[in-house]
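Participant:
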Amino acid sequence: MDAGIVATPVAVKSPPAAERVYLHVKAGVLDRSYEGGTLLTEGDLAEAVGVSRTPVREALLRLEAEGLLKLYPKKGALVLPVSAQEIADVVETRLLVEQHAVAKLVGALPEPLVTRLEELLAEQRGHAATGDLAAFAVADRCFHAEIVRAAGNRILAQLYDQLRDRQLRMGVATMHAEPSRVAKNIAEHSEILDALRQGGARQAEAAVRRHLSRVNTLARGES
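Counting in full-length UniProt numbering, the sequence shown runs from 1 upward without gaps.
1. Go through the segment 44-99 residue by residue and report every complete run of the beta strand (DSSP E) that reaches 3 residues or more, in order.
2. Using C-beta distances below 7 Å, list every residue in its chain close to Arg125, excluding the 5 sequence neighbours before and after it, in chain order.
3. Among residues of its own chain, excluding the 5 on either side of Leu69, which ones have a beta-carbon nearer than 8 Å to its beta-carbon?
4. With DSSP run on the structure shown, which of helix, strand or coil describes Leu105?
5. Short of 8 Å in beta carbon distance, which residues of its chain neighbour Gly43, apart from the five on each side in sequence? Order them along the chain.
6. What number of angstroms, rounded off, separates the C-alpha of Thr38 from the C-alpha of Val106?
7. When the Cβ atoms of the segment 109-119 are set against those of the segment 186-197, are three or more pairs found closer than 8 Å?
8. Report yes if the CB atom of Val148 is closer than 8 Å to the CB atom of Glu98, and no otherwise.
9. Report the CB separation of Ala108 from His127 in whole angstroms; it is logged as a contact under 8 Å.
10. Could you please give the first and the last residue of the uninterrupted alpha helix (DSSP H) stretch that includes Asn153?
11. Under the three-state reduction of DSSP, which class applies to Leu39: helix, strand or coil?
12. When DSSP labels each residue in this structure, what does Gly200 get in the three-state scheme?
13. What distance in whole Å lies between the Cβ atoms of Ala177 and Val82, which are believed to be in contact at a cut-off of 8 Å?
14. Would you mind giving the Cβ-Cβ distance between Gly171 and Ala137, rounded to the nearest angstrom? I have them listed as a contact below 8 Å.
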């Protein structure tokens, strides 16, 4: 570049207003900044994000379609609590998919998958050390998703991906309910990885069942 030419900075466009509201509210619901039962008003959200009320309405409609909110005309949007039935349905679906995935991978475990799972375990330990439960929940969910994807059934992987938001929300909720769950999750993930390495299908499936049964119990608020 010539000395006399000054490079012009490239302007980075921010997301559209409705998208910014959508991301703000969704992040708040998933990390429990907006807990179930919280009533969100258009005015408060518009002020928080720095937009007018029109994009707020658009974002709230989108979130209602995703099952996270219930809109009440002239009042606002209620953050829907996670129901016991939803928890049971999510865990049942996860059991079906994840047990199938680990059984399929036993005896044919790709080395890149082992490396990736070890990286995610290290990420979880790092987030546990800093107390970042939202980031921990993301790494936790990724650990399971990598196993499902590696099993090679794209339809099951797509089905599993549809559970993403519910998994993240439930994951944060269980760790708030029992802080010791963070260390237990890491230990149980290590058990799943060890079972895959050792090549025991029944052992791997049992490790998944134990892990998800404990998540189910805590997410329901049971002891």
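For every residue, glycine included, the Cβ atom is placed at its ideal position computed from N, Cα and C.
Facilitator: Once the coordinates are examined:
1. 69-72, 76-79
2. Mapped onto the sequence shown, residue 125 falls at position 125. For Arg125, where only same-chain residues beyond five positions count, the Cβ hits under 7 Å are Ile186.
3. Your numbering for residue 69 matches position 69 in the sequence shown. So the qualifying residues of the chain are Val25, Val29, Leu40, Leu60, Leu63, Ala77, Leu78, Val79, Leu80.
4. On the sequence shown, residue 105 is found 105 positions in, with the first residue counted as 1. Here Leu105 sits in helix by DSSP.
5. The residue given as residue 43 occupies position 43 in the sequence shown. Arg53, listed in sequence order.
6. Position 38 of the sequence shown holds residue 38. Position 106 of the sequence shown holds residue 106. Their Cα atoms are separated by approximately 44 Å.
7. yes
8. On the sequence shown, position 148 is the one that residue 148 refers to. On the sequence shown, position 98 is the one that residue 98 refers to. In contact: Val148 and Glu98 (Cβ atoms closer than 8 Å).
9. Position 108 of the sequence shown, counted from the start, is the residue given in the question as residue 108. Position 127 of the sequence shown, counted from the start, is the residue given in the question as residue 127. Not quite, the Cβ-Cβ distance comes to about 30 Å (not below 8 Å), so this is no contact.
10. Taking the sequence shown and counting its residues from 1, one reaches residue 153 at position 153. First-last for Asn153: undefined, no H or E at that position.
11. In the sequence shown, counting from the first residue as 1, residue 39 sits at position 39. Three-state DSSP puts Leu39 in a strand.
12. On the sequence shown, position 200 is the one that residue 200 refers to. Looking at Gly200 - three-state DSSP - the assignment turns out to be coil, as it is neither helix nor strand.
13. As a position in the sequence shown, residue 82 is number 82, starting the count at 1. As a position in the sequence shown, residue 177 is number 177, starting the count at 1. That pair is no contact at about 12 Å.
14. As a first step, residue 171 is located in the sequence shown; it is residue number 171 there, counting from the start. As a first step, residue 137 is located in the sequence shown; it is residue number 137 there, counting from the start. 4 Å between Cβ atoms; contact.
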